[in-house]
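Residue numbers (our numbering): 83 to 265.
Positions of the beta carbon are idealized from the N, C-alpha and C atoms, including for glycine.
Notes follow once the structure below has been shown.
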């Protein structure tokens with residue numbers, strides 16, 4: 083983590099934040115780890131000066147945010163208790179392409195689950211899914227272009243990180259799959 087000081091600072095801030103939340107609202111993380119039911123869908127500008135939960139004084143889980151693409155750094159984050167991974171873990175291997183949009187989304191996760199073997203649990207699937215999605219970002223034309231532009235000095239370097247957010251503790255875990263700019 084020493085090679086990414088800005089990332090280390092995020093983990094330190096997250097730890098302090100989680101400790102403060104536990105002091106002021108000890109039931110928040112245990113309650114959140116049981117599920118979500120946001121009443122607000124926020125589709126807004128990708129402007130870091132407008133953090134949705136902060137500007138409306140909302141707790142985590144109260145607003146569902148449509149995530150924008152942010153090129154520097156790229157953080158692929160999964161979370162414990164992921165409903166999609168739980169559903170994928172319990173699903174049989176698909177034999178044909180699904181017609182349902184939800185199943186088309188879940189099919190790659192179901193296939194990943196079955197590639198891990200019968201003994202893999204949901205937590206292992208969640209971590210493997212984050213790692214798979216880090217690789218998907220690495221392989222994307224947009225990332226290859228960003229790395230090529232960084233190599234030419236046309237933009238700052240881009241790093242990709244894979245993290246896990248623990249709903250029960252409020253803390254982030256680095257999955258040690260960080261990848262830097264390609265030369």
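Asked	Found
Once you ignore the five residues that flank residue 231 on each side, which residues in its own chain have a CB closer than 8 Å to its CB?	237
Would you kindly work out how many angstroms separate the C-alpha atoms of residue 113 and residue 258, rounded to a whole number?	28 Å
Under 9 Å between the Cβ atoms of residue 176 and residue 189?	yes
Can you tell me whether residue 158 is helix, strand or coil according to DSSP?	strand
On the three-state DSSP scale, how would you describe residue 217?	helix
If you run the structure through DSSP and keep just helix, strand and coil, what is residue 207?	helix
Taking the beta carbon of residue 170 as the centre, do at least 16 other beta carbons fall within 10 Å, making it buried, or is it exposed?	buried
Hey, out of 223, 104, 235 and 200, whose CA is closest to residue 172's CA?	200
Figure out for me which residue from 89, 210 and 102 has the closest Cα to the Cα of residue 155.	89
Roughly how many angstroms separate the alpha carbons of residue 94 and residue 193, rounded to a whole number?	35 Å
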